[in-house]
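Asks: Adding 1 to a residue's 1-based position in the sequence shown gives its number in the working numbering.
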Amino acid sequence: MTDFATRFRARPRADRKVTHLQDRGPAAELTHRDLDRRSRAVASWLTRSGAAGEPVLLLYPTGLDFLVAFLGCLYARAVAVPAPLPLSGASRVDRVDRLLADSGARLVLTDEAHVAALSDLSARAFDATESPDPWEPPEVDAHAVAYLQYTSGSTSRPRGVEITHGSLTHNLGMFRGISGDVPVRRIGGWLPHHHDMGLVGLQLQALDAGADLVLLSPEAVVARPIRWLRAISDHRVDWTVAPDFGYAWATRRIGDAELDGLDLSCLTMAVSGAEPVRIATLEAFADRFAPVGFRRTALNPGYGLAESTLVVTCTSRGRGPIVRSFTPASLAAGEVVPTSDATGVRLVGCGEPAAMGVRVVDPATGAEVGDGTIGEIAVSGPSLAAGYHGDPAATRATFVTGPDGRELRTGDLGFLLDGQLYVTGRLKEVVIVRGRNFYPHDIEFSAREAHPDAGAGAAFGVRDAESGEHVVLVQEVRRASQGDPGGFADAVLDAVTGQFGVSVSIVVVRSSTIRRTTSGKVRRGHMRDLFLGGGLSALHRVLSPAVAALVDTPEENRA
């Protein structure tokens with residue numbers, strides 16, 4: 002097997018480059034050839050330091066230095082551990098402390114600008130601008146761990162997923178298949194490099210494809226999302242990736258005046274993944290930016306997760322989204338029924354299984370279910386990770402033996418229909434009320450659509466011993482409606498209960514209350530804990546008696 006790092010090292014191109022559009026100051030650039038040279042210098046030093054096979058924590062801001070250090074680790078067969086730079090708050094500092102303890106990393110690398118700030122971690126900066134010493138890379142073992150991809154922790158504590166050289170190489174090959182006969186020439190985006198989609202789908206894909214790479218910082222794009230689309234337009238980017246949140250944010254926050262001079266006709270692949278993909282989000286994005294050249298056929302919904310390196314399925318280039326409508330009652334019952342009625346729930350397909358095997362199974366028994374039946378998505382194939390670092394029990398529970406060999410039980414719910422994979426939610430997050438299944442993101446979306454001042458929301462279930470599970474919605478309200486939170490709550494409740502036919506308790510909160518992971522996913526479990534522990538500052542509450550009693554009930558007395 003020729004692994005990714007060996008492939009890149011054998012043919013770094015002087016006519017391809019990585020460009021970092023810095024928040025302030027001129028853009029920073031490196032050709033692929035210079036990137037290879039600097040990475041070999043890091044690899045030579047790591048080899049002399051005895052780092053082969055050892056974890057190395059990488060704490061870098063967005064930019065070129067991270068890519069140099071990461072590639073240097075792959076060259077030296079050290080185990081890279083990408084992590085968020087812990088400078089923006091205590092929660093991130095705590096996260097890095099946990100990653101250090103969990104990974105066992107004794108070596109921490111950062112850039113020169115952050116050495117002093119990270120002195121308590123004994124972080125080191127390496128000058129890779131000098132010519133590398135003569136050095137021969139060690140032989141690659143396809144089963145050896147290349148890096149640890151820590152999960153976002155949206156439903157549990159972050160775990161270090163062991164991505165092998167073989168699984169990385171296979172997953173990058175899947176991107177070439179998605180691209181089809183037209184190779185990607187320029188990839189651009191803003192996702193963080195410590196997130197699987199930002200690392201594999203953005204940065205490593207560009208190097209593997211021999212394409213130009215244009216990088217922006219997540220902070221810059223969240224502050225002004227026009228920077229993302231401006232970079233696509235100015236640099237003629239033909240492939241970008243983002244979660245559903247990114248497309249929704251750009252649609253809401255980019256004003257008409259900012260569209261002047263924008264040309265998105267170059268974009269032929271806009272991959273959406275990393276959380277349930279909403280057709281309403283994609284269509285709103287397509288409609289909003291059609292006047293500046295964006296084509297709906299450029300939208301490419303996909304499904305993936307860190308335990309499969311990244312991608313499992315994805316719509317191929319130029320096909321556009323595949324959309325079907327289903328009756329709400331059938332989705333709640335777990336057996337989908339297509340409908341053409343306007344009240345149907347529209348779901349978008351995430352592609353047809355190809356290079357990875359996909360089954361849908363009964364979560365309790367593991368038995369495969371038929372087409373159109375909702376169950377747990379199970380994945381097999383060469384992109385699967387080796388397991389969870391230092392957690393053999395979790396590895397055995399998640400990576401099981403299936404009919405085609407080793408199989409990943411994803412914890413995601415969905416169904417197959419006419420060859421297309423549809424994802425409906427997370428097994429741990431589904432709320433079951435009197436035998437009916439409700440998916441938090443559907444309730445959250447209905448709430449956002451119910452009122453123009455509705456912001457982010459977090460829906461979850463709480464359970465009492467007598468009557469079972471209840472739906473709770475923590476809903477942000479923008480400033481314009483904070484003077485009448487009761488009226489706002491009534492409008493949201495009318496919409497949600499009317500659509501889903503279920504009683505909902507609501508807590509109205511100010512903007513920026515909803516907690517998210519580093520990749521933008523709603524931390525519903527954490528919001529549930531805050532609600533039950535009385536840790537939310539509410540503008541207004543409408544709680545059923547059973548739910549109100551739970552807030553003040555000791556944990557040991559709950560079901």
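Heads up, the beta-carbon is just placed ideally off N, CA and C, and yes, glycines get one too.
Applying the 10 Å Cβ sphere with the 16-neighbour rule, what's the burial state of residue 477?
Replies: Here residue 477 refers to the residue found at position 476 when the sequence shown is read from its first residue. Result: buried.
Asks: Which word fits residue 112, buried or exposed, when buried means at least 16 other C-beta atoms lie within 10 angstroms of its C-beta?
Replies: If you number the sequence shown from 1, residue 112 lands on position 111. With 16 or more other Cβ atoms within 10 Å, it is buried.
Asks: By DSSP, does residue 343 sit in helix, in strand, or in coil?
Replies: As a first step, residue 343 is located in the sequence shown; it is residue number 342 there, counting from the start. Looking at residue 343 - three-state DSSP - the assignment turns out to be coil, as it is neither helix nor strand.
Asks: Of the residues 401, 123, 251, which one's Cα is nearest the Cα of residue 191?
Replies: The count along the sequence shown starts at 1 and reaches residue 191 at position 190. Nearest of 401, 123, 251 to residue 191, Cα basis: 251.
Asks: Where does residue 397 land, buried or exposed, given buried means 16+ other C-beta within 10 angstroms?
Replies: Here residue 397 corresponds to residue number 396 of the sequence shown, with the count starting at 1. The residue is exposed, with fewer than 16 neighbouring Cβ atoms inside 10 Å.
Asks: Where does residue 323 sit, in a helix, a strand or coil, going by DSSP?
Replies: Locating residue 323 in the sequence shown gives position 322, counting from the first residue. The answer is coil: DSSP assigns residue 323 none of H, G, I, E or B.
Asks: Within 10 angstroms of the Cβ of residue 30, are there 16 or more other Cβ atoms? Answer buried if so, exposed if not.
Replies: Your numbering for residue 30 matches position 29 in the sequence shown. Under this definition residue 30 is an exposed residue.
Asks: Identify, in the order they occur along the chain, each residue of the same chain with its Cβ nearer than 6 Å to the Cβ of residue 39, setting aside the five sequence neighbours on each side.
Replies: Walking along the sequence shown from the start, residue 39 turns up at place 38. The answer, listed in chain order, is 69, 129.
Asks: In terms of alpha-carbon separation, which member of 270, 492, 309 lies closest to residue 302?
Replies: For the purposes of this step, residue 302 is taken as residue 301 along the sequence shown, with counting starting at 1. Nearest option by C-alpha distance: 270.
Asks: Go ahead and pull the three-state DSSP assignment for residue 189.
Replies: Indexing the sequence shown from 1 puts residue 189 at position 188. Residue 189 falls in the strand class under three-state DSSP.
Asks: For the beta strand (DSSP E) that residue 588 lies in, which residues bound it at each end?
Replies: Examination of residue 588 is not possible in this model, given that the chain is present from 2 through 560 alone.
Asks: Which same chain residues, not among the five before or five after residue 160, have their C-beta less than 6 Å away from its C-beta?
Replies: Along the sequence shown, one-based indexing puts residue 160 at 159. Same-chain partners within the cutoff: 152, 389.
Asks: Taking only the alpha-carbon atoms, compute the straight-line gap between residue 352 and residue 272 and give it to the nearest angstrom.
Replies: What you label residue 352 is simply residue 351 of the sequence shown in a count that begins at 1. What you label residue 272 is simply residue 271 of the sequence shown in a count that begins at 1. Distance between the alpha carbons of residue 352 and residue 272: 11 Å.
Asks: The alpha helix (DSSP H) that contains residue 281, what's its start and end?
Replies: On the sequence shown, residue 281 is found 280 positions in, with the first residue counted as 1. Looking at the DSSP string, the run of the alpha helix (DSSP H) that includes residue 281 is 280-290.
Asks: Please work out which residues of its chain come closer than 7 Å, Cβ to Cβ, to residue 481, disregarding the five sequence neighbours upstream and downstream, and give them in chain order.
Replies: Here residue 481 refers to the residue found at position 480 of the sequence shown. For residue 481, where only same-chain residues beyond five positions count, the Cβ hits under 7 Å are 454.
Asks: Find out if the Cβ-Cβ distance for the pair residue 47, residue 6 is shorter than 8 Å.
Replies: Position 46 of the sequence shown, counting from 1, holds the residue named residue 47. Position 5 of the sequence shown, counting from 1, holds the residue named residue 6. Not closer than 8 Å, so no.
Asks: Taking the Cβ atom as the reference point for each residue, do residue 414 and residue 400 lie within a distance shorter than 8 Å?
Replies: Along the sequence shown, one-based indexing puts residue 414 at 413. Along the sequence shown, one-based indexing puts residue 400 at 399. Going by C-beta atoms, residue 414 is not nearer than 8 Å to residue 400.
Asks: Just the C-alpha distance for residue 193 and residue 468, rounded to the nearest angstrom, thanks.
Replies: If you number the sequence shown from 1, residue 193 lands on position 192. If you number the sequence shown from 1, residue 468 lands on position 467. Looking at the two C-alpha atoms, the distance is approximately 43 Å.
Asks: Thinking C-alpha only, which one of 534, 442, 36 is nearest residue 207?
Replies: On the sequence shown, residue 207 is found 206 positions in, with the first residue counted as 1. Residue 36 is the option with its Cα nearest to residue 207.
Asks: For the structure I just gave you, are there three or more beta carbon pairs, one from the region 435-454 and one from the region 535-552, closer than 8 Å?
Replies: No, because fewer than three Cβ pairs between the region 435-454 and the region 535-552 fall closer than 8 Å, the two stretches do not touch.
Asks: Output the boundary residues of the beta strand (DSSP E) element that contains residue 439.
Replies: Within the sequence shown, residue 439 is the residue found at index 438, counting from 1. 437-439 is the extent of the beta strand (DSSP E) around residue 439.
Asks: Should the region 482-497 be called in touch with the region 516-532, which here means at least 3 C-beta pairs below 8 Å?
Replies: At 8 Å Cβ cutoff, the stretches do not touch.
Asks: What does a CB cutoff of less than 8 Å around residue 17 pick up in its chain, not counting 5 residues either side in sequence?
Replies: One-based indexing of the sequence shown puts residue 17 at position 16. For residue 17, where only same-chain residues beyond five positions count, the Cβ hits under 8 Å are 32, 33, 211, 212, 213.
Asks: Less than 8 Å between C-beta atoms, sequence neighbours within five positions excluded: which residues of the same chain meet that for residue 125?
Replies: By 1-based counting over the sequence shown, the position of residue 125 is 124. Once the five neighbours on either side are set aside, the close Cβ partners of residue 125 are 108, 109, 110, 111, 116.
Asks: Using a Cβ-Cβ cut-off of 7 Å (strictly less than) and excluding sequence neighbours within five positions of residue 551, which residues of its own chain qualify?
Replies: Here the question's residue 551 lines up with position 550 in the sequence shown. These residues qualify, in order along the chain: 463, 465, 533, 559.
Asks: Tell me which residues share the same chain as residue 361 and place their Cβ nearer than 8 Å to its Cβ, disregarding the 5 neighbours each side in the sequence.
Replies: On the sequence shown, residue 361 is found 360 positions in, with the first residue counted as 1. Around residue 361: 369, 370, 374, 375, 376, 377, 378, 379, 415, 416, 417.
Asks: Answer with buried or exposed for residue 433, where buried requires no fewer than 16 other C-beta atoms within 10 angstroms of its C-beta.
Replies: Taking the first residue of the sequence shown as position 1, residue 433 is located at position 432. Burial call: exposed.
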